[in-house]
Amino acid sequence: MPPAAMKIHLLALLLLTAGSVLAQKTPANNPVAKNMAVPASPAPAFTLSCATELPASPLQKIYCETRQLKLPAPPTGTALTVDARADGGINVRAWAGSDVRVRARITGRAATAETARALAAAVRVGTANNTLRAELANGSLDGWAVSYEVLVPAATDLILKAIAGSLTMENIQGVLRFENTTGNVRLSGVSGDVRGRTTNGELTLTLTGDTWMGPALDISTVNGNVIWQLPPAYAATLLARTTRGRVSAELNTKRLSVLPHSLAATLGKGGVQLKVSTVNGNVRVVQDHPPQLPADTIDAEE
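Residue numbers (mature numbering (1 follows the signal peptide of the UniProt record, and there is no 0)): -23 to -1, 1 to 279.
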(Lines of atoms letter the chains of each structure in order from A and count residues from 1; the text may use other names and numbers.)
(Lines give C-alpha, C1' and ligand atoms only; values in the text may rest on other atoms or scores of the structure.)
Protein backbone atom coordinates (compact mmCIF):
# COMPACT_ATOMS: atom_id res chain seq x y z
CA MET A 1 0.00 0.00 0.00
CA PRO A 2 1.41 3.43 -0.94
CA PRO A 3 2.44 5.63 2.03
CA ALA A 4 -0.25 8.22 1.28
CA ALA A 5 -3.01 5.60 1.21
CA MET A 6 -1.71 4.07 4.46
CA LYS A 7 -1.90 7.48 6.20
CA ILE A 8 -5.50 7.95 5.07
CA HIS A 9 -6.40 4.44 6.29
CA LEU A 10 -4.86 5.04 9.75
CA LEU A 11 -6.63 8.42 10.07
CA ALA A 12 -10.00 6.79 9.31
CA LEU A 13 -9.39 4.13 11.98
CA LEU A 14 -8.55 6.80 14.57
CA LEU A 15 -11.73 8.76 13.79
CA LEU A 16 -13.90 5.64 14.09
CA THR A 17 -12.32 4.71 17.44
CA ALA A 18 -12.78 8.22 18.88
CA GLY A 19 -16.43 8.31 17.81
CA SER A 20 -17.12 4.97 19.46
CA VAL A 21 -15.55 6.06 22.77
CA LEU A 22 -17.44 9.38 22.70
CA ALA A 23 -20.75 7.59 22.13
CA GLN A 24 -20.12 5.35 25.15
CA LYS A 25 -19.39 8.36 27.41
CA THR A 26 -22.40 10.46 26.32
CA PRO A 27 -25.70 9.02 27.69
CA ALA A 28 -27.77 12.17 26.98
CA ASN A 29 -29.74 10.48 24.20
CA ASN A 30 -30.37 7.31 26.20
CA PRO A 31 -34.18 6.95 26.34
CA VAL A 32 -33.96 4.79 29.46
CA ALA A 33 -32.17 7.57 31.38
CA LYS A 34 -34.78 10.10 30.27
CA ASN A 35 -37.70 7.97 31.45
CA MET A 36 -36.31 6.92 34.83
CA ALA A 37 -38.99 7.56 37.51
CA VAL A 38 -38.10 9.45 40.67
CA PRO A 39 -38.56 7.04 43.59
CA ALA A 40 -41.44 7.88 45.93
CA SER A 41 -40.66 9.10 49.42
CA PRO A 42 -40.83 6.25 51.95
CA ALA A 43 -43.62 6.29 54.49
CA PRO A 44 -42.67 7.34 58.04
CA ALA A 45 -41.89 4.46 60.35
CA PHE A 46 -44.74 3.18 62.49
CA THR A 47 -44.26 3.50 66.26
CA LEU A 48 -47.22 1.47 67.54
CA SER A 49 -46.00 -1.81 69.06
CA CYS A 50 -46.86 -4.51 71.56
CA ALA A 51 -44.12 -3.43 73.98
CA THR A 52 -46.51 -1.43 76.17
CA GLU A 53 -49.21 -4.08 76.42
CA LEU A 54 -49.24 -5.64 79.91
CA PRO A 55 -51.66 -7.93 81.76
CA ALA A 56 -54.22 -6.17 83.95
CA SER A 57 -53.50 -8.62 86.80
CA PRO A 58 -51.12 -11.49 87.62
CA LEU A 59 -53.85 -13.96 86.69
CA GLN A 60 -54.42 -12.52 83.23
CA LYS A 61 -52.62 -13.68 80.09
CA ILE A 62 -52.29 -11.57 76.97
CA TYR A 63 -51.41 -12.10 73.36
CA CYS A 64 -50.52 -9.17 71.11
CA GLU A 65 -49.77 -8.85 67.41
CA THR A 66 -49.63 -6.08 64.80
CA ARG A 67 -51.03 -6.08 61.28
CA GLN A 68 -50.39 -3.59 58.50
CA LEU A 69 -52.93 -2.50 55.92
CA LYS A 70 -52.90 -0.26 52.87
CA LEU A 71 -56.02 1.31 51.37
CA PRO A 72 -56.83 4.11 48.94
CA ALA A 73 -57.51 7.56 50.33
CA PRO A 74 -61.22 8.45 50.37
CA PRO A 75 -62.47 10.62 47.51
CA THR A 76 -62.78 14.37 48.09
CA GLY A 77 -65.74 15.14 50.34
CA THR A 78 -65.79 11.66 51.91
CA ALA A 79 -64.35 11.10 55.38
CA LEU A 80 -62.22 8.22 56.54
CA THR A 81 -63.82 6.88 59.72
CA VAL A 82 -61.66 5.15 62.33
CA ASP A 83 -63.66 3.43 65.09
CA ALA A 84 -61.53 2.07 67.93
CA ARG A 85 -64.53 0.46 69.64
CA ALA A 86 -64.33 -0.31 73.39
CA ASP A 87 -60.67 -0.19 74.43
CA GLY A 88 -58.50 1.11 71.61
CA GLY A 89 -56.70 4.34 70.83
CA ILE A 90 -56.07 6.14 67.54
CA ASN A 91 -53.02 8.04 66.30
CA VAL A 92 -53.39 9.75 62.91
CA ARG A 93 -50.52 11.55 61.17
CA ALA A 94 -50.24 13.26 57.81
CA TRP A 95 -47.65 12.01 55.34
CA ALA A 96 -46.59 12.90 51.78
CA GLY A 97 -48.07 9.81 50.15
CA SER A 98 -51.36 9.51 48.27
CA ASP A 99 -52.78 6.45 50.03
CA VAL A 100 -53.62 5.42 53.59
CA ARG A 101 -51.26 3.21 55.60
CA VAL A 102 -52.41 1.52 58.81
CA ARG A 103 -50.81 -0.44 61.60
CA ALA A 104 -53.36 -2.16 63.86
CA ARG A 105 -52.34 -3.57 67.23
CA ILE A 106 -54.61 -6.45 68.26
CA THR A 107 -54.56 -7.60 71.88
CA GLY A 108 -56.35 -10.60 73.35
CA ARG A 109 -56.79 -10.98 77.12
CA ALA A 110 -57.92 -14.15 78.88
CA ALA A 111 -57.22 -16.56 81.73
CA THR A 112 -54.96 -18.69 79.52
CA ALA A 113 -52.42 -17.82 76.85
CA GLU A 114 -54.16 -20.14 74.37
CA THR A 115 -57.50 -18.37 74.78
CA ALA A 116 -55.86 -14.95 74.50
CA ARG A 117 -54.14 -15.98 71.26
CA ALA A 118 -57.37 -17.40 69.86
CA LEU A 119 -59.23 -14.19 70.67
CA ALA A 120 -56.67 -12.04 68.87
CA ALA A 121 -56.59 -14.37 65.87
CA ALA A 122 -60.39 -14.16 65.56
CA VAL A 123 -60.43 -10.36 65.33
CA ARG A 124 -61.08 -9.08 61.82
CA VAL A 125 -60.10 -5.53 60.86
CA GLY A 126 -62.40 -4.27 58.13
CA THR A 127 -61.98 -1.34 55.74
CA ALA A 128 -65.33 -1.35 53.92
CA ASN A 129 -67.06 1.94 53.05
CA ASN A 130 -64.02 4.04 54.06
CA THR A 131 -64.41 2.82 57.66
CA LEU A 132 -61.62 1.21 59.66
CA ARG A 133 -63.26 -1.02 62.28
CA ALA A 134 -62.51 -4.32 64.03
CA GLU A 135 -64.94 -6.97 65.20
CA LEU A 136 -65.46 -10.60 66.16
CA ALA A 137 -67.82 -12.77 64.15
CA ASN A 138 -70.13 -13.15 67.18
CA GLY A 139 -70.22 -9.40 67.85
CA SER A 140 -68.66 -9.68 71.32
CA LEU A 141 -66.47 -6.83 72.60
CA ASP A 142 -65.09 -8.80 75.57
CA GLY A 143 -61.46 -9.80 75.90
CA TRP A 144 -59.91 -7.96 72.96
CA ALA A 145 -58.90 -4.49 71.84
CA VAL A 146 -57.49 -2.86 68.71
CA SER A 147 -55.50 0.38 68.54
CA TYR A 148 -54.55 2.12 65.30
CA GLU A 149 -51.70 4.16 63.89
CA VAL A 150 -52.79 5.71 60.61
CA LEU A 151 -50.85 7.66 57.97
CA VAL A 152 -53.04 9.76 55.66
CA PRO A 153 -52.62 12.52 53.06
CA ALA A 154 -52.78 15.85 54.90
CA ALA A 155 -56.09 16.98 53.35
CA THR A 156 -57.97 13.81 54.35
CA ASP A 157 -61.31 14.34 56.11
CA LEU A 158 -61.55 12.25 59.29
CA ILE A 159 -64.07 10.94 61.81
CA LEU A 160 -62.43 9.40 64.89
CA LYS A 161 -64.32 7.46 67.56
CA ALA A 162 -63.09 5.90 70.79
CA ILE A 163 -64.58 4.82 74.11
CA ALA A 164 -61.56 4.19 76.32
CA GLY A 165 -58.37 5.22 74.58
CA SER A 166 -56.34 8.25 73.60
CA LEU A 167 -56.72 10.18 70.35
CA THR A 168 -53.81 11.91 68.61
CA MET A 169 -54.01 13.97 65.40
CA GLU A 170 -50.95 15.53 63.75
CA ASN A 171 -50.76 17.93 60.78
CA ILE A 172 -54.24 17.14 59.43
CA GLN A 173 -55.71 19.93 57.29
CA GLY A 174 -59.23 18.80 56.45
CA VAL A 175 -62.62 18.36 58.04
CA LEU A 176 -61.93 16.63 61.35
CA ARG A 177 -64.49 15.25 63.80
CA PHE A 178 -63.67 13.29 66.94
CA GLU A 179 -65.56 11.84 69.89
CA ASN A 180 -64.11 10.10 72.92
CA THR A 181 -65.53 8.94 76.23
CA THR A 182 -62.51 8.26 78.43
CA GLY A 183 -59.12 9.27 77.14
CA ASN A 184 -56.85 12.21 76.46
CA VAL A 185 -56.93 14.05 73.14
CA ARG A 186 -53.86 15.67 71.56
CA LEU A 187 -53.94 17.82 68.42
CA SER A 188 -50.76 19.21 66.86
CA GLY A 189 -50.35 21.24 63.69
CA VAL A 190 -53.98 20.76 62.66
CA SER A 191 -56.13 23.18 60.68
CA GLY A 192 -59.32 23.18 58.65
CA ASP A 193 -62.74 22.52 60.17
CA VAL A 194 -61.96 20.83 63.49
CA ARG A 195 -64.64 19.94 66.04
CA GLY A 196 -64.85 17.31 68.76
CA ARG A 197 -65.02 16.41 72.40
CA THR A 198 -63.90 14.00 75.07
CA THR A 199 -65.85 13.38 78.26
CA ASN A 200 -63.10 12.30 80.64
CA GLY A 201 -59.68 13.40 79.48
CA GLU A 202 -57.21 16.21 78.97
CA LEU A 203 -57.11 18.31 75.80
CA THR A 204 -53.70 19.36 74.47
CA LEU A 205 -53.67 21.68 71.46
CA THR A 206 -50.47 22.85 69.74
CA LEU A 207 -50.87 25.20 66.78
CA THR A 208 -48.25 25.86 64.10
CA GLY A 209 -47.83 28.32 61.22
CA ASP A 210 -48.90 31.97 61.35
CA THR A 211 -52.71 31.67 61.18
CA TRP A 212 -55.56 29.16 61.18
CA MET A 213 -56.29 27.83 57.69
CA GLY A 214 -59.95 26.87 57.65
CA PRO A 215 -63.39 27.81 58.96
CA ALA A 216 -63.38 26.68 62.60
CA LEU A 217 -61.89 25.11 65.70
CA ASP A 218 -64.32 24.08 68.45
CA ILE A 219 -63.15 21.40 70.88
CA SER A 220 -64.11 20.58 74.46
CA THR A 221 -63.80 18.25 77.42
CA VAL A 222 -66.08 17.75 80.41
CA ASN A 223 -63.68 16.42 83.04
CA GLY A 224 -60.15 17.48 82.18
CA ASN A 225 -57.72 20.34 81.78
CA VAL A 226 -57.01 22.19 78.54
CA ILE A 227 -53.45 23.11 77.51
CA TRP A 228 -53.19 25.39 74.46
CA GLN A 229 -49.81 26.28 72.92
CA LEU A 230 -49.33 28.87 70.15
CA PRO A 231 -46.31 30.02 68.10
CA PRO A 232 -44.86 33.52 68.75
CA ALA A 233 -46.47 35.17 65.69
CA TYR A 234 -50.03 34.06 65.08
CA ALA A 235 -53.24 35.70 63.83
CA ALA A 236 -56.58 34.52 65.24
CA THR A 237 -59.33 35.24 67.72
CA LEU A 238 -59.12 33.01 70.80
CA LEU A 239 -62.04 32.08 73.03
CA ALA A 240 -61.57 29.82 76.04
CA ARG A 241 -63.78 29.06 79.02
CA THR A 242 -64.28 26.76 81.98
CA THR A 243 -67.21 26.27 84.33
CA ARG A 244 -65.51 25.05 87.51
CA GLY A 245 -61.85 25.78 86.91
CA ARG A 246 -59.52 28.70 86.25
CA VAL A 247 -58.24 30.31 83.07
CA SER A 248 -54.66 31.58 82.74
CA ALA A 249 -52.94 33.11 79.71
CA GLU A 250 -49.48 34.23 78.59
CA LEU A 251 -49.99 35.91 75.22
CA ASN A 252 -48.08 38.39 73.04
CA THR A 253 -50.97 40.85 72.82
CA LYS A 254 -52.67 43.57 74.84
CA ARG A 255 -56.00 42.98 73.14
CA LEU A 256 -57.31 40.42 75.58
CA SER A 257 -59.76 39.95 78.41
CA VAL A 258 -58.89 37.34 81.02
CA LEU A 259 -61.51 36.58 83.66
CA PRO A 260 -61.42 33.76 86.22
CA HIS A 261 -63.48 31.49 83.95
CA SER A 262 -63.01 32.87 80.45
CA LEU A 263 -60.58 34.34 77.93
CA ALA A 264 -61.11 36.41 74.80
CA ALA A 265 -58.05 37.57 72.86
CA THR A 266 -57.12 38.88 69.44
CA LEU A 267 -53.71 37.88 68.12
CA GLY A 268 -52.11 39.74 65.24
CA LYS A 269 -54.75 40.91 62.77
CA GLY A 270 -57.32 38.56 64.27
CA GLY A 271 -59.13 36.03 62.16
CA VAL A 272 -61.11 32.84 62.64
CA GLN A 273 -62.60 32.26 66.09
CA LEU A 274 -60.85 29.34 67.78
CA LYS A 275 -62.79 27.90 70.73
CA VAL A 276 -61.79 25.54 73.53
CA SER A 277 -63.70 24.73 76.71
CA THR A 278 -63.95 22.48 79.74
CA VAL A 279 -66.47 22.04 82.54
CA ASN A 280 -64.39 20.59 85.37
CA GLY A 281 -60.83 21.63 84.64
CA ASN A 282 -58.40 24.49 84.17
CA VAL A 283 -57.48 26.19 80.90
CA ARG A 284 -53.92 27.35 80.25
CA VAL A 285 -53.12 29.29 77.07
CA VAL A 286 -49.45 30.00 76.33
CA GLN A 287 -47.84 31.73 73.37
CA ASP A 288 -44.13 31.39 72.72
CA HIS A 289 -42.14 34.60 73.11
CA PRO A 290 -40.74 36.17 69.93
CA PRO A 291 -36.96 35.81 69.52
CA GLN A 292 -34.95 38.60 71.16
CA LEU A 293 -32.04 40.32 69.41
CA PRO A 294 -28.77 40.37 71.40
CA ALA A 295 -28.34 43.57 73.42
CA ASP A 296 -25.03 44.39 71.72
CA THR A 297 -26.37 44.08 68.16
CA ILE A 298 -25.02 46.98 66.03
CA ASP A 299 -26.53 48.15 62.77
CA ALA A 300 -24.16 47.16 59.97
CA GLU A 301 -24.46 50.64 58.42
CA GLU A 302 -23.28 52.49 61.53
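Every residue gets a Cβ at the ideal spot worked out from N, C-alpha and C, and that includes glycine.
The alpha-carbon of R80 is positioned some 11 Å away from that of V102. Put simply, the region 56 to 67 does not touch the region 28 to 43. Fewer than three CB pairs are less than 8 Å apart. Around the beta carbon of D134, 16 or more other beta carbons sit within 10 angstroms, so the residue counts as buried. The way I'd put it, the region 172 to 191 does touch the region 144 to 155; three or more beta-carbon pairs between them come closer than 8 Å. If you compare the alpha carbons of A226, M190, N229 and T255 with that of V162, the shortest gap goes to T255.
Sequence-distant partners of R232 (beyond 5 residues in either direction) whose C-beta falls short of 6 Å from its own C-beta, in its chain, are T243. The straight-line gap separating the alpha-carbon atoms of N259 and L215 is approximately 16 Å.
Straight across, the Cα-Cα distance linking N107 with C41 is about 25 Å. Residue S197 holds the alpha-carbon nearest to the alpha-carbon of R218 among N157, S197, G247 and T89. Look at L96 here: in three-state DSSP terms it is helix. In this structure, R154 sits near I136, with a CB-CB distance shorter than 8 Å. In this structure, the straight-line span from the alpha carbon of V263 to that of W205 is close to 6 Å. Short of 6 Å from the beta carbon of S234, and not among the five residues preceding or following it, lie these beta carbons of its own chain, in chain order: A241. By the CB criterion at 8 Å, R172 and A193 fall inside the cutoff. Here DSSP, grouped into helix, strand and coil, assigns A50 to coil. With contact defined as three or more Cβ pairs closer than 8 Å, the region 75 to 94 and the region 109 to 125 are in contact.
Relative to A22, the option among L128, I39, L113 and A95 whose CA is nearest is L128. D170 is bridged by DSSP to V152 and A193. By the neighbour-count definition (other C-beta atoms within 10 Å, threshold 16), K47 is an exposed residue. For P130, the enclosing beta strand (DSSP E) has its first and last residue at W121 to P130. Secondary structure at E91: helix, using DSSP grouped into helix, strand and coil. Just measuring C-alpha positions, the residue of A111, G201 and G116 sitting nearest G222 is G201.
In terms of Cα proximity to I149, the closest of A132, N157 and L184 is A132.
At a cut-off of 3 residues, the continuous stretches assigned as beta strand (DSSP E) that sit fully inside the region 208 to 249 are 213 to 219, 224 to 227, 233 to 236 and 239 to 244.
Sequence-distant Cβ neighbours of L236 in its own chain, meaning closer than 8 Å and more than five residues away, are V224. For S165, the uninterrupted beta strand (DSSP E) run begins and ends at V162 to S165, by DSSP. Your pair G248 and T188 checks out as a contact, with CB atoms roughly 6 Å apart and the cut at 8 Å. Here Q45 has R80 as same chain residues with Cβ atoms under 6 Å from its own Cβ, once five neighbours each way along the sequence are excluded.
In the structure shown, A22 falls within a coil segment according to DSSP collapsed to helix, strand and coil. DSSP, reduced to helix, strand and coil, places N259 outside both helices and strands of the structure shown, so it counts as coil. DSSP, reduced to helix, strand and coil, places N177 within a strand of the structure shown.
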